[in-house]
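A.B. asks: The sequence shown begins at 35 in my numbering and counts up one residue at a time.
Provided herewith is a single structure, encoded as structure tokens, for subsequent inquiry.
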Amino acid sequence: WQDYQLVLGEGELIRVALVLASKASTILKGLVPQFVAKYEALYQDKLRNWRGDLTSFRDSIKLIDQVFDTSIILPHKRSDLPIKPRSALAKQIYDVAGALTKERDYFFIATLLSESITKTKRAYGEIIAAIQELRQDEILVHIDIESLEKKKELTQQEVVSLQQRVAQITFLNPDEKAKLLQDLMRMSPNEREASLSSMMIMTQLQSATSRSIHGGEGTPAAPGGEVTSKVSVASASIQTKKAALNQIKNLEKGAKVCLKNFQYEEAIKNYEQAELIASQWDLKDELAELTHNKIDATTRDYQYRQAVVLAEAKNAEKVGDKATAIQKYQEAANYSSALFKLGISTEDKKMREFIKKAEQLKKAT
Numbered sequence: 035w036q037d038y039q040l041v042l043g044e045g046e047l048i049r050v051a052l053v054l055a056s057k058a059s060t061i062l063k064g065l066v067p068q069f070v071a072k073y074e075a076l077y078q079d080k081l082r083n084w085r086g087d088l089t090s091f092r093d094s095i096k097l098i099d100q101v102f103d104t105s106i107i108l109p110h111k112r113s114d115l116p117i118k119p120r121s122a123l124a125k126q127i128y129d130v131a132g133a134l135t136k137e138r139d140y141f142f143i144a145t146l147l148s149e150s151i152t153k154t155k156r157a158y159g160e161i162i163a164a165i166q167e168l169r170q171d172e173i174l175v176h177i178d179i180e181s182l183e184k185k186k187e188l189t190q191q192e193v194v195s196l197q198q199r200v201a202q203i204t205f206l207n208p209d210e211k212a213k214l215l216q217d218l219m220r221m222s223p224n225e226r227e228a229s230l231s232s233m234m235i236m237t238q239l240q241s242a243t244s245r246s247i248h249g250g251e252g253t254p255a256a257p258g259g260e261v262t263s264k265v266s267v268a269s270a271s272i273q274t275k276k277a278a279l280n281q282i283k284n285l286e287k288g289a290k291v292c293l294k295n296f297q298y299e300e301a302i303k304n305y306e307q308a309e310l311i312a313s314q315w316d317l318k319d320e321l322a323e324l325t326h327n328k329i330d331a332t333t334r335d336y337q338y339r340q341a342v343v344l345a346e347a348k349n350a351e352k353v354g355d356k357a358t359a360i361q362k363y364q365e366a367a368n369y370s371s372a373l374f375k376l377g378i379s380t381e382d383k384k385m386r387e388f389i390k391k392a393e394q395l396k397k398a399t
């Protein structure tokens, strides 16, 4: 699809799409049905009774890594445990990893691979096998991106705002809302927003379905109402695949208009609602394209927000407002982290630069 390769998998309860920059290997294709089977076996009860709460699947990252070895792209470090490498080549690579961590606390496997080939003069395959041996023995361990950044505590105002949003989720009882609030407070900002968005969509769908059952098809909101409300009612009243395709087309048009006006959040909402409709009507090709477009819109949103906070940071620094400058540089680093997770590898370096700048300003205060 366009510049990407898609690998699709489908089970009884879930569908999986891998969006790849290059052609998938036979091995990778074979892993998809394995993942679907393991995921459905692990989360069967939660999937059958799912009500939009993404926190139920937070541990699924472990299964993703277990099957696809995704942690290989994360930054790594040498383990603090007293474990010795099994082979002479692994020991050489372990020493190369030590040299890489002299400049910073972590390194990437791609860098370790390149440096190890240069220093040991051994074949690519041998180096890869030795690196995997070190990872399997937990001599080299990966680091979560979030752990490279200092976690910012939520302000009281942010906690109150979070409580108000959770209170709007009508299908949870008080105990479930309290647990959800605690889970959300432990999440990163991006995880928190994704979870809340999912829950709110489910709330709107249930509300729309209820209105449709008790009072006929829901009446769409008047122009100027929130996009999410209008779409939820419309999605609940769609009766044919043709109508679903038309609704998706309208949402895509709306998203494009929003993108032209730099209204990225609204564009993302449109794509998410269109994804929901495509999923409900089993429109696999449309769903894959919508997912790609949403990722692209999210990337542009983060880049735009980062540019804004970076300009604010520099202006604050010029006028001597160090507290604001520190805060804005940290926000810029957070956006770099989010962009890095979306596949923009150059953001790793920018993230470290912004964090370093914030630390320098702290020391100067």
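Every residue, glycine too, gets a C-beta built ideally from N, C-alpha and C.
The model shown is predicted, which means the values in this text are computed figures rather than measured ones.
1) Cutting at 6 Å between CB atoms, please list the residues of its own chain near E351, excluding the five before and the five after it.
2) Under 7 Å between the Cβ atoms of L62 and Q39?
3) In terms of residue numbering, what span does the alpha helix (DSSP H) encompassing L285 cover?
4) Tell me which same chain residues have a C-beta within less than 6 Å of the C-beta of R49, skipping the five on either side of it?
5) If you draw a straight line from the C-alpha of K362 to the C-alpha of A347, how long is it?
6) Quick check on the burial criterion: 16 or more other C-beta atoms within 10 angstroms. Buried or exposed for I117?
7) Excluding sequence positions up to five away, which residues of its chain have a Cβ less than 8 Å from the Cβ of L123?
8) Once DSSP output is grouped into helix, strand and coil, what is the label at K111?
9) What is the DSSP secondary structure of F142, counted as helix, strand or coil?
10) Is S113 closer than 7 Å to I127 when the C-beta atoms are compared?
11) In the structure shown, what three-state DSSP assignment does L147 receive?
12) What residue range does the beta strand (DSSP E) around A51 cover?
13) Taking DSSP as the reference, what is the three-state secondary structure of G132?
14) Given F388, which residues of its chain have a CB within under 6 Å of its CB, disregarding the five upstream and five downstream residues?
15) Is the closest heavy atom of the ligand NAP to the C-beta of A301 under 6 Å?
16) Expressed to the nearest angstrom, what Euclidean distance is found between the alpha-carbon atoms of L214 and L81?
17) Output the residue ranges of the alpha helix (DSSP H) runs that lie fully inside the region 314-382 and measure 4 residues or longer, sorted by chain position.
C.D. replies: Inspection of the coordinates gives the following:
1) A359
2) No, Cβ-Cβ distance for L62 and Q39 is not below 7 Å.
3) K275 to K294
4) none
5) 5 Å
6) exposed
7) T154, R156, E160, I161 and A164
8) strand
9) coil
10) Taking 7 Å as the Cβ cut-off, I127 and S113 do not qualify as a contacting pair.
11) helix
12) Residues R49 to L54.
13) helix
14) Shown here for F388: same chain residues with a beta carbon closer than 6 Å to its own, the five before and five after excluded, namely Y363, A366 and A367 in chain order.
15) Although the ligand NAP was asked about, the structure shown includes no ligands whatsoever.
16) 17 Å
17) Qualifying alpha helix (DSSP H) stretches, in chain order: 318-352 and 356-375.
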